[in-house]
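Novice:
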DNA sequence: TTGCTATTCAACTACATGCTTGAATACCAT
DNA sequence: ATGGTATTCAAGCATGTAGTTGAATAGCAA
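Chains as they are written, first to last, in the working numbering: chain A, 173 to 285; chain B, 173 to 285.
1) Which residues in the same chain as residue 285 of chain B place their Cβ atom closer than 8 Å to its Cβ, once the five residues preceding and following it in sequence are excluded?
2) What is the DSSP secondary structure of residue 259 of chain A, counted as helix, strand or coil?
3) Can you give me the Cβ contacts of residue 188 of chain A inside the same chain, cut-off strictly under 6 Å, excluding the 5 residues immediately before and after it?
4) When the Cα atoms are used, what is the spatial distance from residue 244 of chain B to residue 175 of chain B?
5) Should residue 194 of chain A go down as buried or exposed, given a rule of 16 or more other Cβ atoms within 10 Å for buried?
6) Using the Cβ count rule (16 or more neighbours within 10 Å means buried), how would you classify residue 214 of chain A?
7) Measuring CA to CA, which of A:185, A:198, A:202, A:259 is closest to residue 239 of chain A?
8) Pull up the CB-CB distance for residue 258 of chain B and residue 197 of chain A, whole angstroms please, since I reckon it's below 8 Å.
9) Taking residue 202 of chain A as the query, report the chain B residues whose CB atoms sit under 9 Å from its CB, ordered along the chain.
10) Starting from the beta carbon of residue 181 of chain B, find every residue of chain A whose beta carbon is closer than 8 Å, and list them in chain order.
11) Where does residue 201 of chain A sit, in a helix, a strand or coil, going by DSSP?
12) Please report whether the beta-carbon of residue 252 of chain B lies at a distance below 8 Å from any beta-carbon of chain A.
13) Give me the Cα-Cα distance between residue 186 of chain A and residue 260 of chain A, rounded to the nearest whole angstrom.
14) Once DSSP output is grouped into helix, strand and coil, what is the label at residue 229 of chain B?
15) Does the separation of the CB atoms of residue 229 of chain B and residue 217 of chain B fall below 8 Å?
16) Among A:178, A:211, A:222, A:241, which residue has its Cα nearest to the Cα of residue 199 of chain A?
So, in structure tokens, the structure goes:
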């Protein structure tokens with residue numbers, strides 16, 4: 173799983189990690205602060221943070237014994253760019269929704285685009 | 173991994189599956205057609221398709237012995253919506269880029285372990 | 001019927017992931 | 001130095017995922 177897009181998407185595909193990012197959207201935080209809302213151990217949160225860091229979604233600072241995390245949203249922009257190439261399809265799908273639902277009720281399909 | 177956003181992101185976090193979606197952006201295709209560019213077996217591609225289907229990213233039709241796949245981009249729209257809530261951050265990060273790069277040059281060597 | 005094509009299932013292997021516990025490291029304060 | 005706080009490492013476990021092979025299912029064609 174080496175390509176950056178896969179790495180970013182995989183990092184985002186976890187509710188704990190998304191919650192961490194959401195928290196970081198309100199400002200820098202230490203590992204302990206980030207771990208506080210969760211029931212898992214610090215070590216587990218530390219690993220999640222490493223995944224996010226590896227994906228470039230956060231960067232770490234250094235203040236005394238703290239290594240605070242900071243949100244770095246650039247990889248999200250890349251994902252958004254990727255998804256944007258499909259924008260026409262989901263808009264189109266809204267238009268196609270009727271005919272698609274109709275299709276489900278009909279024995280044969282009229283597949284046109 | 174029950175929430176829809178995680179399911180969609182995980183489904184997208186694989187190059188093979190993204191290639192399948194890219195192919196489907198050009199129109200419906202059968203499993204055989206979708207499998208053709210890859211070196212893996214049909215059964216493997218079939219599993220990837222099941223992941224995409226489970227994420228709602230494709231729907232299946234039925235024509236004779238074929239069960240053609242069709243792109244369904246609505247879940248991507250949801251992901252785009254999620255990412256959009258961070259848009260301010262990646263735009264901001266562009267402004268911050270200088271100071272960030274400057275930070276990297278500062279005697280603060282905090283690499284890996 | 002028989003056989004061909006398309007697709008999936010079942011069982012299995014190999015490896016990745018999420019989590020735990022307990023020990024280690026690193027920095028700060030006294 | 002001693003101890004406290006913050007964070008990570010190492011080992012292990014349980015589960016999930018990507019892939020394989022070989023057999024099964026299902027519809028189409030003679």
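Where is the CB? At the ideal position from N, CA and C, for every residue including glycine. Please read all numbers here as calculations on a predicted model, not as lab measurements.
Specialist: This is what the structure holds:
1) Low per-residue confidence applies at residue 285 of chain B: pLDDT is 24, beneath 50, and the placement is therefore not dependable, though the value from the model is reported in the following sentence. Counting only Cβ-Cβ distances below 8 Å, and skipping sequence neighbours, we find nothing.
2) helix
3) 220
4) 18 Å
5) exposed
6) exposed
7) A:202
8) 7 Å
9) Ordered by position in chain B, no residue passes the 9 Å Cβ test against residue 202 of chain A, which lies about 15 Å from the chain.
10) 181, 182, 184, 185
11) strand
12) yes
13) 27 Å
14) coil
15) no
16) A:241
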